[in-house]
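Take a look at the structure below.
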Amino acid sequence: MTEVTKKRGDKMELKESILIKLLLLLPFFSVLCASPDFNFFYFVQQWPGSYCDTQKSCCYPTTGKPAADFGIHGLWPNYNDGTYPSNCDPNNPFNPSGISDLTSSLQSNWPTLACPSSDGITFWTHEWDKHGTCSESVLKQHDYFEAALNLRQKANLLQALTNAGIQPDGQSYSLSDIKEAIKNGIGYAPFIECNVDSSGNSQLYQVYLCVNTSGSDFMECPVFPRSKCGSDIEFPSF
Ligand SMILES: *[C@@H]1O[C@H](CO)[C@@H](O)[C@H](O)[C@H]1NC(C)=O
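The structure is reproduced here in structure tokens:
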């Protein structure tokens with residue numbers, strides 16, 4: 007071997023070993039800039055009047071009767087094919103002390119109506135464990151709840167509806183008018199979920215808006231859930 011070819015050989019070995027090291031590190035880089043393992047969020051708000059006037063009824067939170075306004079149900083990671091991931095990380099259970107600065111805002115904007123009465127911790131625990139853990143690559147627990155609260159501030163459904171003359175007065179409204187009022191007020195088409203009151207009337211229960219994977223901005227829904235309201239639905243008082 008001449009001096010020159012030996013040097014060339016050394017250089018190639020050096021290049022190879024760098025390449026091998028990079029290849030070994032690749033999995034770590036791909037974790038660092040992982041694209042989220044879901045396609046979008048549903049941000050779901052519920053009308054308390056429609057939760058409470060059913061056969062099953064409801065229980066007010068221990069902190070008192072919630073405002074007569076839409077409350078957050080959840081922020082749910084979803085796939086474009088309509089399916090969704092759930093209970094993604096049992097090793098990262100809900101930790102109330104991590105969001106103690108948000109508690110009072112959660113009590114007013116994300117109130118529980120389930121029985122028996124509670125302060126909301128059970129509701130938020132369920133939402134985090136089932137849905138929140140599936141977007142933790144994007145939003146850690148505190149960011150997740152903060153994102154939902156911010157979205158709630160951006161999407162004032164009651165205002166959008168009342169601006170269009172649609173009020174929680176127990177009257178019946180056309181489903182298309184309701185959708186149009188929300189689209190006009192928020193900027194994006196909602197999905198409306200109905201339930202039935204104790205007399206069997208179809209009513210406005212939940213409103214779904216879609217949010218991009220940052221959890222910060224509304225977008226048009228890639229897919230809507232499957233379920234149907236009548237063409238006219240009640241908007242009960244609360
Ligand atoms: C979400 O939407 C906002 C506003 O359009 C944008 O700045 C952000 O980059 C989007 N996030 C993703 C992951 O697309």
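Using this note's numbering, the letters of the sequence shown correspond one by one to residues 7 to 244. Backbone N, C-alpha and C fix where the C-beta goes; we use that ideal spot for every residue, glycine too.
- Task: Give me the Cβ distance between PHE44 and PRO91, rounded to the nearest whole Å; I'm assuming they're in contact under 8 Å.
- Result: 6 Å
- Item | Exposed unless 16 or more other CB atoms sit within 10 angstroms - verdict on THR219 | buried
- Task: May I ask you to list the residues that DSSP assigns as paired with GLU199?
- Result: GLN212
- Which one of SER233, GLY221, CYS235, GLN61 has the shortest CA to CA distance from HIS137? GLY221
- Item | Beta-carbon proximity check, ILE192 vs PHE224, cutoff 8 Å | The answer is yes: Cβ separation under 8 Å.
- Taking the alpha carbon of SER41 as the point to measure from, which residue in CYS140, GLY126, PRO72 has its own alpha carbon closest? CYS140
- Is the beta carbon of ASP43 within less than 7 Å of some heavy atom of ligand 1? Proximity of the beta carbon of ASP43 to ligand 1 is not indicated: no heavy atom of the ligand is located closer than 7 Å.
- Message: Please identify the residue among ASN169, GLY88, LYS146 whose C-alpha is closest to the C-alpha of PRO99.
- Response: LYS146
- Within the region 96 to 146, note down every full alpha helix (DSSP H) run reaching 4 residues or more, in order along the chain. 109 to 115, 127 to 136
- Query: Per DSSP, ASP5 is paired with what?
  - Reply: As displayed, the chain neither begins before 7 nor continues past 244, which places residue 5 out of reach and without an answer.
- Spatial distance of HIS132 from LEU108 (CA atoms): 17 Å
- Nearest-angstrom beta carbon gap, SER243 and GLY55 [assumed within contact, 8 Å]: 6 Å
- Item | Which listed residue (ARG158, SER233, SER123) has its alpha carbon closest to that of CYS200 | SER233
- Going by the beta-carbon positions, is the gap between TRP82 and LEU210 smaller than 8 Å? no
- Task: Please find out if some non-hydrogen atom of ligand 1 comes closer than 7 Å to the beta-carbon of ASP149.
- Result: No, Cβ of ASP149 sits at least 7 Å from all heavy atoms of ligand 1.
- Item | Separation of GLN165 from ASN115, as counted between CA atoms | 15 Å
- Query: What span of residues does the beta strand (DSSP E) with TYR48 cover, start to end?
  - Reply: Counted as a single uninterrupted DSSP element, the beta strand (DSSP E) harbouring TYR48 occupies residues 46 to 52.
- Message: Check for me: the beta strand (DSSP E) holding ASN84 runs from which residue to which?
- Response: ASN84 -> beta strand (DSSP E) spans 77 to 84.
- Item | Exercise answer, beta-carbon shell around ligand 2 heavy atoms below 5 Å | Absence of ligand 2 from the depicted structure is noted, with ligand 1 being the only ligands included.
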